[in-house]
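Note sheet for the following structure.
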Amino acid sequence: MSEHDVGEGASPLPPNPAGHESPPPSARGTPDRSKFWGLTLGSVGVVYGDIGTSPLYALREALHHTAGDGISRADVEGVVSLLLWSLVLIVTIKYVFFLMRADNRGEGGIFSLLALAQGAMSRRTGFVTVVAVLGASLFYGDAAITPAISVLSAVEGLKLVTPVFDDYVVVITIGIILGLFFVQSRGTTAVANWFGPITVVWFLSLAAVGALHVTDDPGILLALSPVTAVAFVVENGWSSLTVLGSVFLAVTGAEALYADMGHFGRGPIRLAWLGLVFPALAINYMGQGAFVLANPQAADNPFFLMLPGWSLLPMVLLATLATIIASQAVITGTYSLTQQAVQLGILPRFEIRHTSETEAGQIYMPRVNWLLCLAVLVLVVLFESSTSLASAYGIAVTGTMVLTSLLAFVVVWKAWKWPVWLAALMIVPFLAIEAIFLSANLLKILDGGLVPVLIAGAWRPPCGRGCAARGSCSRRRTARACRSPTSSPC
């Protein structure tokens, strides 16, 4: 395949009819139950790896911001409640149940929303294009940080096994990341065949370890009530913003969930979340919280410290595998996002290799792969620890989520033909929550939070004066001028 190709027979995807869901490639035709379960297993590994490794550091970092005068019971219960309800409101309701209905021929992500919005608007689409490009830029920033912080946080667990590894954490992390990017050319299916079963074991382990410790202090069950989360924020006032900035670490990966929809389909991703991933995360966070209530000194690293001594090394190794897999979610999301940007005329053509004969959404982009790998390695060398990177994490994700919500409002209003007040009623609550999280993460701007913004700024689509022409071209559903790989400028 030549470099200017965007896949055999590829063309910009016109939006699906307003208000209708189009089935993903994997869902068209006669349902195949074994194929569905295979996609579900694969989605556990590829889609949920990112969000599934958040228990390694999310509660730890949030509790660090409450430890000024010692950690109280109300602090622990409040933070755990915030973690749980962030997963419910942002991941479950916004992404799994709502946004995954807004697909463009089975593809998800912010550029799918752009295509739907442009298809429903006859003119004045400049605003939505700018919003989508900004959101995509921030996603690239997130995609560079996620592999770095995820793998570092797991490899650092080796220091609890023996101090011999203290000086080798960065070297081991670099080796793991290089290996991950080398195997990308084998395709999502080949990767998912390995990652799916490993990640299932990871989530089952999260649930098992958490369940063992919930009984350390059953009072942690109060965290299931949203009143506990609200009470924590009200009691701590503005100081709770620093805690919220770390709480948000629990939902990083939600945007990758939506961006990866074209790889596995809506149904498998939803089933994996509701049937395995969400319950395992909730149980583990409550187990960590109960363990800290019973052992306040464990707040420094509750995830690893609550493990029995005999299981520490196996769990560190499993966590390392899980964080490698976590990186896969944003890597595949980056491929999908870049492909859609090419199809919409926002980016120039890249070499895109289709890695599956049956799943049209499963692709590999060599140039994107190695540019992303370079960015990840630079971050590992510069920051050297997951705690240092935690300050840089969050701004890109919250910014992307806010911009995604803005585009979703346009789609609900213009494409789905909802009354503007009803569209606002649906979207504004999400925007309000995400704006609070964004404000909390902006407090990190001087502690490394500028990094993802700089990465996003480095990603500049060469739109120039042809950008409007491209946007106009992509809005026309026939898009004759854009269908041929040899046509120009669209």
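Numbering (full-length UniProt numbering) for the sequence shown: 1 to 490.
No residue lacks a Cβ here, since even glycine has one placed at the ideal position from N, Cα and C.
Remember, predicted model here, so these are calculated numbers, not experimental data.
Check whether residue i and residue j have beta carbons under 7 Å apart
i, j, result
"A280", "F203", "yes"
"S153", "Y57", "yes"
"L160", "F304", "yes"
"T53", "A322", "yes"
"P407", "V131", "The sequence given here places Leu at residue 407; Pro does not occur at that position. Going by C-beta atoms, L407 is nearer than 7 Å to V131."
"T334", "A148", "no"
"V128", "A117", "yes"
"E61", "S246", "yes"
"Q328", "G49", "yes"
"I145", "A392", "yes"
"T228", "E77", "yes"
"H213", "F111", "no"
"V79", "D260", "no"
"F139", "N369", "no"
"D216", "A294", "yes"
"G109", "S336", "yes"
"F248", "G394", "yes"
"L244", "A440", "yes"
"T242", "H64", "no"
"G309", "G106", "no"
"R353", "V342", "no"
"V39", "G275", "Reading off the sequence, residue 39 comes out as Leu, not Val. Cβ atoms of L39 and G275: not closer than 7 Å."
"V411", "L87", "no"
Residue environment, residue i, which counts as buried when at least 16 other CB atoms sit within 10 Å
i, result
"G157", "buried"
"A27", "Its pLDDT being 42, under 50, A27 is placed unreliably in this model, and the value from its coordinates should be taken loosely. So A27 ends up on the buried side."
"W413", "buried"
"P419", "exposed"
"S239", "exposed"
"Q340", "buried"
"K417", "exposed"
"F278", "buried"
"P24", "Confidence in P24 is poor, its pLDDT being 43 and thus under 50, which makes the residue's placement unreliable; the coordinate value appears in the next sentence. Buried."
"Q297", "exposed"
"P452", "buried"
"S405", "buried"
"W421", "exposed"
"W85", "buried"
"Y95", "buried"
"G237", "exposed"
"Y364", "buried"
"T332", "buried"
"T320", "buried"
"G253", "buried"
"S255", "Per the sequence shown, residue 255 should be read as Glu rather than Ser. Buried: at least 16 other Cβ atoms inside 10 Å."
"P268", "buried"
"G42", "buried"
"residue 500", "With the chain covering 1 to 490 only, the question about residue 500 has no answer from this structure."
"Y258", "buried"
Reduced DSSP secondary structure (H/G/I, E/B, other) of residue i
i, result
"residue 506", "No answer is possible for residue 506: it lies beyond the span of the chain, which begins at 1 and ends at 490."
"E156", "coil"
"A268", "According to the sequence provided, residue 268 is Pro. The question's Ala does not apply to it. The answer is helix: DSSP assigns P268 an H, G or I state."
"H263", "helix"
"V243", "helix"
"H65", "coil"
"W37", "helix"
"V47", "coil"
"P455", "Sequence check: residue 455 is Ile here, not Pro. Helix, per DSSP."
"T162", "coil"
"A392", "coil"
"G466", "Bear in mind that a pLDDT of 42 at G466, under 50, signals an unreliable position, so the number given afterwards is only what the model happens to contain. DSSP places G466 in helix when its eight states are reduced to three."
"I344", "Reading the sequence as shown, one finds Leu at residue 344 and not Ile. Coil at L344, not helix or strand."
"E384", "coil"
"D32", "coil"
"M306", "coil"
"I176", "helix"
"A481", "Because A481 sits at a pLDDT of 31, beneath the cut-off of 50, its placement in the model cannot be relied upon, and the following sentence gives the value as read from the coordinates. It is helical."
"I71", "coil"
"P23", "Since pLDDT at P23 reaches only 45, below the 50 mark, its modelled position is unreliable, and the value read off the structure follows with that caveat. Note: P23 maps to coil in three-state DSSP."
"T146", "helix"
"T252", "coil"
"T404", "helix"
"M121", "coil"
"N284", "helix"
Beta bridge counterpart(s) of residue i as assigned by DSSP
i, result
"N104", "E107"
"Y364", "R353"
Near the ligand SAH: residue i beta-carbon under 6 Å from a heavy atom
i, result
"L41", "Among the components modelled here there is no ligand, and therefore nothing to report on the ligand SAH."
Ignoring anything shorter than 4 residues, give me the alpha helix (DSSP H) runs that lie fully in the region 213-241, in order along the chain.
226-236
Ignoring anything shorter than 3 residues, give me the beta strand (DSSP E) runs that lie fully in the region 308-337, in order along the chain.
none
Please list the segments of the alpha helix (DSSP H) lying wholly inside the region 412-444, counting only runs of 4 or more residues, in order along the chain.
420-442
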